[in-house]
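Going line by line, the protein sequences match chains A and B.
Heads up, this note's numbering is the position in the first sequence plus 823, with the first residue counted as 1.
Heads up, this note's numbering is the position in the second sequence plus 198, with the first residue counted as 1.
From the three backbone atoms N, C-alpha and C, an ideal C-beta is built for every residue, glycine too.
Keep in mind the model is a prediction, meaning the values are calculated, not measured.
A short write-up of the structure that comes next.
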Amino acid sequence: DGGITQSPKYLFRKEGQNVTLSCEQNLNHDAMYWYRQDPGQGLRLIYYSQIVNDFQKGDIAEGYSVSREKKESFPLTVTSAQKNPTAFYLCATSRDVDTQYFGPGTRLTVL
Amino acid sequence: DQQVKQNSPSLSVQEGRISILNCDYTNSMFDYFLWYKKYPAEGPTFLISISSIKDKNEDGRFTVFLNKSAKHLSLHIVPSQPGDSAVYFCAASEGGTSYGKLTFGQGTILTVHP
Chain A
824 DGGITQSPKY LFRKEGQNVT LSCEQNLNHD AMYWYRQDPG QGLRLIYYSQ IVNDFQKGDI
884 AEGYSVSREK KESFPLTVTS AQKNPTAFYL CATSRDVDTQ YFGPGTRLTV L
Chain B
199 DQQVKQNSPS LSVQEGRISI LNCDYTNSMF DYFLWYKKYP AEGPTFLISI SSIKDKNEDG
259 RFTVFLNKSA KHLSLHIVPS QPGDSAVYFC AASEGGTSYG KLTFGQGTIL TVHP
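Spelled out as structure tokens, the structure:
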């Protein structure tokens with residue numbers, strides 16, 4: 824079954840804790856991306872990775888970190904430095920230059 | 199600075215009629231444009247795209263028009279169906295060193311009434 828999986832679907836975190844969101848793909852796509860969506864807003868790019876062992880900051884990288892040790896995986900860590908972490912987080916992949924395909928998302932709520 | 203804007207937060211259309219969703223951009227370096235459809239609590243689904251070398255692209259009920267001089271694109275859905283009710287995002291890419299970076303609009307909520 825091919826696709827992009829994100830886990831968990833819902834995540835709750837206490838203030839001050841780090842949390843890691845998972846994104847796995849078996850599409851053999853080189854590039855992977857993390858976005859966040861806030862109510863009434865579009866998607867904003869956090870980090871992206873074009874190849875294994877390389878990643879770049881997006882527009883709102885502060886308070887986040889990523890790793891790309893395997894082609895299939897691009898985990899996102901939301902650190903305690905992120906001031907407003909409650910949001911819907913979306914992972915995407917792409918094979919060619921521009922068309923990105925999205926996973927189902929993770930809703931993170933900070934209590 | 200919002201480089202991609204969808205100025206209509208919502209649109210309501212009768213089933214069977216045409217839905218027209220609009221998107222404006224300010225960055226003249228954008229050369230590839232996409233439309234995504236999104237249901238609540240789900241990831242966006244790719245609908246249709248257009249390169250800046252074209253002014254129209256069709257796929258079934260969906261047609262995207264690009265007017266480069268006006269920095270404007272639109273998505274036409276004909277005929278509209280209740281299942282089309284969702285949030286629609288336009289996105290743009292400038293390629294080159296910004297390979298893979300998409301800039302999204304704020305989204306337009308489309309409601310198609312039976």
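Against chain A, with Cβ distances strictly below 8 Å, would residue i count as a contact?
i        : result
B/Lys252 : no
B/Gln304 : yes
B/Leu232 : yes
B/Phe287 : yes
Less than 8 Å between C-beta atoms, sequence neighbours within five positions excluded: which residues of the same chain meet that for residue i?
i        : result
A/Tyr871 : Ala854, Met855, Tyr856, Trp857, Phe878, Gln879 and Gly881
A/Glu892 : Val875 and Asn876
B/Glu213 : Pro277, Ser278, Gln279, Pro280, Val310, His311 and Pro312
A/Arg859 : Leu866, Arg867, Ile869, Ile883, Ala910, Phe911, Tyr912 and Leu913
A/Cys846 : Ile827, Thr828, Gln829, Met855, Trp857, Ser896, Phe897, Pro898, Leu899, Cys914 and Gly926
A/Gln905 : Glu885, Gly886 and Tyr887
Leaving out five residues on either side along the sequence, give the residues of the same chain with a beta carbon under 7 Å from the beta carbon of residue i.
i        : result
B/Thr301 : Gln201, Val202, Ala289 and Ala290
B/Gly316 : Residue 316 of chain B is absent from the model: chain B starts at 199 and stops at 312.
B/Glu292 : Asn225, Met227, Phe228 and Asp229
Below 7 Å on C-beta distance, what does residue i contact in chain B?
i        : result
A/Phe925 : Gly241 and Pro242
Under 6 Å Cβ to Cβ from residue i, same chain only, skipping five residues before and after it: list those, please.
i        : result
B/Val211 : Ser217, Ser278 and Val310
A/Tyr833 : Arg930
A/Lys894 : Val875
B/Leu273 : Leu219, Trp233 and Val262
Taking C-beta pairs closer than 9 Å, name the residues in chain B that residue i reaches, listed in chain order.
i        : result
A/Arg836 : Those within 9 Å of A/Arg836 in chain B number zero; the least Cβ separation is about 18 Å.
A/Arg930 : Ala239
A/Leu913 : Gly241 and Pro242
Spell out whether any CB of chain B is found under 8 Å from the CB atom of residue i.
i        : result
A/Gly826 : no
A/Gly839 : no
A/Thr909 : no
A/Gln848 : no
A/Gln864 : yes
So what's residue i in DSSP terms, helix, strand or just coil?
i        : result
B/Asp184 : The question about residue 184 of chain B has no answer, for chain B in this structure spans 199 to 312.
B/Asp282 : helix
A/Lys906 : coil
A/Leu844 : strand
B/Ala239 : coil
B/Ser267 : coil
A/Gln879 : strand
A/Thr974 : Coverage of chain A is limited to positions 824 through 934, which leaves residue 974 of chain A absent and any answer about it impossible.
B/Phe287 : strand
B/Phe231 : strand
A/Phe836 : In the sequence as displayed, the identity of residue 836 of chain A is Arg instead of Phe. In this structure, A/Arg836 counts as strand in the three-state DSSP scheme.
A/Ala884 : coil
B/Leu300 : coil
A/Leu934 : coil
Can you name the residues of chain A whose CB is closer than 8 Å to the CB of residue i?
i        : result
B/Lys299 : Leu868, Tyr871 and Gly881
Chain A partners of residue i, CB-CB under 7 Å?
i        : result
B/Ser208 : What B/Ser208 touches in chain A: nothing, since even the nearest Cβ is about 11 Å away.
Going along chain B in order, which residues have a C-beta closer than 8 Å to the C-beta of residue i?
i        : result
A/Thr922 : Leu232, Phe244 and Ser247
A/Gly886 : Those do not exist, as A/Gly886 stays about 19 Å from chain B at its closest Cβ, beyond 8 Å.
Quick check for students: name the residue ranges of the beta strand (DSSP E) that lie wholly in the stretch 846-871 of chain A, counting only runs of 3 or more. If you keep only unbroken beta strand (DSSP E) runs of at least 3 residues inside the stretch 846-871 of chain A, you get 854-860.
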